[in-house]
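Participant: Take the sequence shown: its position 65, counted from the start at 1, is 98 in this note's numbering, and no numbers get skipped.
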Amino acid sequence: SKIVYFIIRKANKEEKQIFDLKDEELIWEFQRIRIVDYKMTQIETSKLPVYLFKDLDKSDIEYSIQKYVKNKKMKISHHMTTYEAVLISKEQAGLLDCKKGIPAMKILNRGILENGLVSIYSEIIDIAKEYLEKAGDKLVLPVDNVIADAFSEEANTSVADAGQIPDGWMGLDIGPKSVE
Numbered sequence: 034s035k036i037v038y039f040i041i042r043k044a045n046k047e048e049k050q051i052f053d054l055k056d057e058e059l060i061w062e063f064q065r066i067r068i069v070d071y072k073m074t075q076i077e078t079s080k081l082p083v084y085l086f087k088d089l090d091k092s093d094i095e096y097s098i099q100k101y102v103k104n105k106k107m108k109i110s111h112h113m114t115t116y117e118a119v120l121i122s123k124e125q126a127g128l129l130d131c132k133k134g135i136p137a138m139k140i141l142n143r144g145i146l147e148n149g150l151v152s153i154y155s156e157i158i159d160i161a162k163e164y165l166e167k168a169g170d171k172l173v174l175p176v177d178n179v180i181a182d183a184f185s186e187e188a189n190t191s192v193a194d195a196g197q198i199p200d201g202w203m204g205l206d207i208g209p210k211s212v213e
């Protein structure tokens, strides 16, 4: 990985909700370019709560965040992941050394610990060429999502069009239109 930036800052309203933080708590934020087979294929922007990972440093980011979390004796229970087809922006094209407007996947990912806390929130822009090559003409993207206002059995649920999940809600699965 190639680190673009690595900062510590106050969490905004949405991040406080994601990580269940108090008003003045801090988060780590970093952006890195992921390199696969000597090709820049992903831009990852990730956030982690400082109170869980006080000693995070650049070497951890360059190597593996998952292994860092594991070395902290924390177990990731599961991930909540959503996918959205997007086109590469001018800024992203500059970072990935590719053309603006090519297809990509926007991947939003939350790592959930065994105790239910969110350990990491990531937005990944992945050049979709690899998905298209693997899928051929069978790549189907969801047009809607089942959403909830919390990750619990008591949560309020609904359905939202792809890319239209309201603030304070999370995508859980593909929606009924996508199933058809």
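Glycine residues also receive a C-beta, built at the ideal position from the N, C-alpha and C atoms.
Looking at the secondary structure, which residues open and close the beta strand (DSSP E) in which residue 94 lies?
Facilitator: First-last for residue 94: 91-96, but that is the alpha helix (DSSP H), not the beta strand (DSSP E).
Participant: Which ranges does the beta strand (DSSP E) cover as unbroken runs of at least 3 residues, wholly within the region 93-136, from first to last along the chain?
Facilitator: 109-120
Participant: Return yes when at least one heavy atom of the ligand FMN lies under 7 angstroms from the C-beta of residue 68, else no.
Facilitator: The ligand FMN is not among the ligands present in this structure, which contains no ligands whatsoever.
Participant: Return the chain-ordered list of same chain residues with a C-beta closer than 7 angstroms to the C-beta of residue 126, the five sequence neighbours on each side being excluded.
Facilitator: 132 and 133
Participant: Can you name, in chain order, every residue of its own chain whose Cβ lies under 7 angstroms from the Cβ of residue 210, other than the five neighbours on each side?
Facilitator: 176 and 177
Participant: Are three or more beta carbon pairs between the region 144-162 and the region 191-203 nearer than 8 angstroms?
Facilitator: no
Participant: Look at the alpha carbon of residue 37 and the alpha carbon of residue 91, and state the distance between them as a whole number of angstroms.
Facilitator: 11 angstroms
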